[in-house]
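Below is one structure, written out as structure tokens; the observations come after it.
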């Protein structure tokens, strides 16, 4: 980035304190980035990582919070290279159990929150900057009791493709990463619910069967593997890649 300081590549990761987001934060830190971890609560990850990481409180549903994250990064390192929209959540419900509160919470976090992150980042990213949206295979195929989550992730994939076209002339790349299940604490808790595919029963047994029946590699991806995909998309090696929604799924959906 010609207008920025050299040698201090900076990444902002929303939802970066736990689950997949924590894996991304750790990996980018290990790769030498200055890492701004954004979440609604500080669990100490930034302090654990070290002096090149810092935490910033943020609610991704608010555009001003995304802008505050960028101000934090720019004030700290003088630059922003990568903006990763990872904040989101999953919850299953049949259509007759979905009310306006359920819809608003899911869409405002997963889709609107991602859009605000893209908007804020696009205003300051320079030539060579990139945006990475953490989507899901649920953004490519529907599943029962998952209509609102699927709608939010289909939306994330759509805005990824649209913004890649819009921001490409400025030299800004926009991509998404679409994992299948990643065994985080959040996923385990979500699968314990009666409306989930596991129907609230033996979650570990459900996931083992899912691996055997559906994944070509007979396993699920790790958070670190999602993080590596993000790091690749943020690198110069991916300089010709934009507008893509990359599956990280151990062969669940060959394409």
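Numbering (our numbering), first residue to last: 230 to 484.
Virtual Cβ for every residue (Gly too), placed ideally from N, Cα, C.
Predicted model, so just to flag it, every value in this text is computed and none were measured.
Beta-carbon spacing of residue i, residue j below 7 Å
i: residue 422; j: residue 429; result: yes
i: residue 338; j: residue 403; result: no
i: residue 312; j: residue 350; result: yes
i: residue 382; j: residue 368; result: yes
i: residue 460; j: residue 386; result: no
i: residue 298; j: residue 267; result: yes
i: residue 300; j: residue 265; result: no
i: residue 406; j: residue 360; result: no
DSSP state of residue i mapped onto helix, strand, coil
i: residue 283; result: strand
i: residue 459; result: helix
i: residue 269; result: coil
i: residue 402; result: strand
i: residue 327; result: coil
i: residue 377; result: helix
i: residue 262; result: coil
i: residue 315; result: coil
Candidates the options, of which the one nearest residue i by Cα
i: residue 245; options: 261, 270, 238, 304; result: 270
i: residue 315; options: 438, 461, 408, 276; result: 408
i: residue 377; options: 427, 330, 461; result: 330
i: residue 238; options: 273, 459, 308; result: 308
i: residue 479; options: 463, 279, 458, 465; result: 458
i: residue 410; options: 286, 301, 319, 275; result: 319
i: residue 346; options: 467, 454, 243, 466; result: 243
Contacting residues, own chain, Cβ-Cβ under 7 Å from residue i (five flanking each side not counted)
i: residue 447; result: 440, 441
Cβ shell of residue i (< 6 Å), same chain only, five flanking positions each side left out
i: residue 248; result: 413, 415
i: residue 379; result: 367, 371
(request) Please specify which runs of the alpha helix (DSSP H), each continuous and at least 4 residues long, are wholly inside the segment 339-395, giving them in chain order. (result) You should have 342-351.
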